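Residue numbers for the sequence shown, in our numbering: -7 to 472.
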Amino acid sequence: MQHSKVKAAVKTVCLVLSLLLVFSGFHQVFRFKYTDGIYGMDRFYALEPNTVDVLNLGSSHMFVDVNPAVLWEDYGISSFNLGGSSQPLWNTYYYLKEALKTQTPKLLVLESFGASLPFEYSDPGNIIKNISALKPSANKLAALQVSVPEGEWLGYGLEFIQYHSRYKQLAKADFMGTGVAENPQLFLPVDENWMGGMTFLAVSPFEPVSIPASDARSPLLPKTEEYYRKIIELAQSEQIPILIFTSPYFWYSEKQSLYHEAAGIAEEYGVPFLNFNEDYAKTMDWSTDFADVGHMSYLGSEKFSHMLAGYLHVQYTLPDRRGDTDYAAWEENAAFYRAALENHSLTSISDVETYLNTLVALPETYLIFLSLDGNYMASPYDLRAGLEKLGVPRVDSGTPGAWVHSGGALVTGFHGSGPYRWSSAEENDDLTVDQTGLYCNRTNYKKVADGLNVLVYNRKTATVADTVGFSAPAGAAPVR
């Protein structure tokens, strides 16, 4: 009898453990992994303890405008952007409390957009982005209670209610556990060493906006002011210096008096407050530096990050971690950022000769697939001569062919109508060239029937950097 009870208990325990394992796997795949509020906290948890010297906090005005890769490249600053979209200051406060469980930063940098937000509760999407990544704890419970109206706690506390039906939205990144932007075509991709900076690829020219000369102050919302003060007081109780700044953006003048109030409160605590809006017309280029009315483009972010890095270097004693193997993740993040930016630069080239010259200079981390197809001889630009720069032997007039190039040399090549086939199994992707086209994961990226087709794969970023066809009948115009 006793044996039967033990056997039944063991079966029950095994069943419970099995169900927990199944649910854990379900949770890891189905949970949201947005880079503007969830994947950043995932990455933060993965960092080695006490490696973040500068913790950057706030909304997208922080994590889009400030690039940790630039701070690292300039001065070896190991920084991390920890925030969420339209993050209210109560969420920033609980993010800070969570961060201090594993990190002891030498400086906190708070972007102040959250002080200007006009609401007591975020919209549902941003509530999810700002609380769901927190690990179960008393801190997360407190964040939930202040972020969500009381009658809605259960719906946000049991997260599977939010994501259980998103099976139609599942993508490769969900199974790999990597972050993805809500609109990935607008941002550079990220990797497993990401330090929280989102890079906006759009460039939107604007007319300069004049900032009125005013010292007027308007009170912050009581809830906002409460948590603004709590952030400052928590930093000071932990004896961590804090710098507060306002990032440049177009709607500033509408909320200028709120930022003046935030600056005044900071002054009460002896905390420096930098308002980059009051003087940013002298430092920013309105025609190139913004992606939209609220965020900087990758060009503006680079410029602004260089400026901020220089200020931090002069005003604070921060170690240069470059060359320290304990901080290799920051070096990898910077290298990935540069590689991803190089990918983007390819997509902006429209002239075939310039494009081929650029391919010649790419490092060996790139795998370049090329094919001459159909009536490519109709091109006014000599495509065969252009390919010779990449080591491709000149084929007979009108003869089709395909080649693979990497690191300044040909890997393989074929000419004639085929059949032929060459494949490369990369870390996350399968690449193939045959007589029918250029493939990544069985998707054919052949763009034109008559002309030159190109697929460029970057092994560093593990992504297709660019696919383009130069149409011979259209004067070698690019087709993407």
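Beta carbons are placed, not taken as given, at the ideal position from N, Cα and C, and that holds for glycine.
The model shown is predicted, which means the values in this text are computed figures rather than measured ones.
- Counting along the chain, V201 sits inside no alpha helix (DSSP H), nor does DSSP assign it H or E at all.
- Annotation note: the stretch 89 to 117 contains the following uninterrupted beta strand (DSSP E) runs of length 3 or greater, listed N- to C-terminal: 99 to 103.
- Contact between A301 and D66 holds, since their C-beta atoms are separated by about 4 Å, short of 8 Å.
- For V344, the closest C-alpha among the options Y449, A469, G429 and E218 is that of A469.
- The beta carbon of N450 sits closer than 7 Å to the beta carbons of A331, N335, T357, Y358 and A457 from its chain, once the five residues preceding and following it are set aside; these are given in chain order.
- By a beta-carbon distance limit of 8 Å, S52 contacts H287. Their separation comes to about 6 Å.
- Following the DSSP letters along the chain, one finds S463 inside the beta strand (DSSP E) bounded by residues T455 to S463.
- The beta-carbon separation of L250 and S210, rounded to 5 Å, stays under the 8 Å limit for a contact.
- Going by DSSP, T216 is part of the alpha helix (DSSP H) stretching over P214 to S229.
- In chain order, R386 place their CB closer than 6 Å to the CB of R376, counting only its own chain and leaving out the 5 sequence neighbours on each side.
- Assignment of W278 by DSSP, reduced to helix, strand and coil, places it in the coil class.
- For the set N59, L444, M33 and V44, the Cα lying nearest the Cα of S239 is the one of N59.
- In the three-state reduction of the DSSP assignment, D284 falls in the coil class.
- Measuring C-alpha to C-alpha distances from V195 to each of A258, D284 and A254 identifies D284 as the nearest.
- In this structure, the CA atom of S70 is about 9 Å from the CA atom of A321.
- As far as DSSP is concerned, P211 takes part in no beta bridge.
- Look at the beta carbons and you see the stretch 307 to 316 not touching the stretch 225 to 232: under three pairs across the two are nearer than 8 Å.
- Considering only F462, D277, G117 and G399, the residue with the shortest C-alpha distance to V440 is F462.
- In the DSSP assignment, F237 is bridged to E103 and L266.
- Distance from the CA of G75 to the CA of V101, rounded to the nearest whole angstrom, comes to 12 Å.
- Nearest to L92 by alpha-carbon distance, out of T309, Y37, N420 and S409, is Y37.
- The beta carbon of E90 is closer than 7 Å to those of L126 and N131 in its chain, skipping five residues each way along the sequence.
- Scanning T309, L213, L39 and G366 for the CA closest to the CA of S108 turns up L213.
- Spatial neighbours of Y308 in its own chain (CB-CB distance under 6 Å, excluding positions within 5 residues in sequence) are listed in chain order as L99.
- The C-beta distance from A464 to Y368 rounds to 5 Å, short enough to fall under 8 Å.
- According to the DSSP secondary-structure assignment, D365 is paired through a beta bridge with G443.
- Unbroken beta strand (DSSP E) runs of no fewer than 3 residues, entirely contained in the stretch 326 to 387, are found at 358 to 365, following chain order.
- DSSP places V44 in the coil class of the three-state scheme, outside both helix and strand.
- When K295, T459, Y148 and V471 are compared, the shortest CA-CA separation from Y431 is found for T459.
- About 14 Å separates the beta carbon of Q427 from that of S415, a gap too long to meet the 8 Å contact definition.
- Rounded to the nearest angstrom, the Cβ distance from L81 to I223 is 6 Å, consistent with a contact under 8 Å.
- Note: R413 is bridge-paired with D426 in the DSSP secondary-structure output.
- Annotated as distal: N325 and A135, with beta-carbon spacing of 8 Å or more.
- K452 and A353 do not touch by the CB rule: their CB atoms are close to 15 Å apart, not below 8 Å.
- Around L338, the same chain offers T350, V448, A457 and D458 as residues with beta carbons nearer than 7 Å, after the five sequence neighbours per side are excluded.
- In this chain, the beta strand (DSSP E) harbouring N73 covers S71 to G75.
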